[in-house]
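Read the structure below first, then the notes.
Numbering (the working numbering), first residue to last: 971 to 1049.
This is the structure we're talking about:
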């Protein structure tokens, strides 16, 4: 489970980006922490990068399906 120290650096939102499921190999539009819906494992993926194809496998649990947990944003004053 993702952890944090200072909640003032996080904003709760219902952005649509959190609704999509991602499969290994798909490119993601948001940098952030992605959580496997099947086993709870978490990874960091950069913006416009692909979810790793061979991060881990499930033999009995089912397919590896990722969901955005926390996304990172650039500071608005920086290009």
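C-beta: ideal position from N, C-alpha, C; glycine also.
- Looking at the backbone, the Cα of residue 977 and that of residue 1014 are separated by about 19 angstroms.
- Note on residue 995: under 16 other CB atoms within 10 angstroms of its CB, so exposed under the neighbour-count rule.
- Excluding residues up to 5 positions away in sequence, 1008 lie with their Cβ nearer than 7 angstroms to the Cβ of residue 1032 in the same chain.
- From the listed residues 985, 971, 1042, 980, the smallest Cα separation to residue 1018 is found for 1042.
- The alpha-carbon separation between residue 998 and residue 1036 amounts to approximately 10 angstroms.
- Annotated three-state conformation of residue 987 is helix, per DSSP.
- Beta-bridge partners of residue 1006 (DSSP): 1036.
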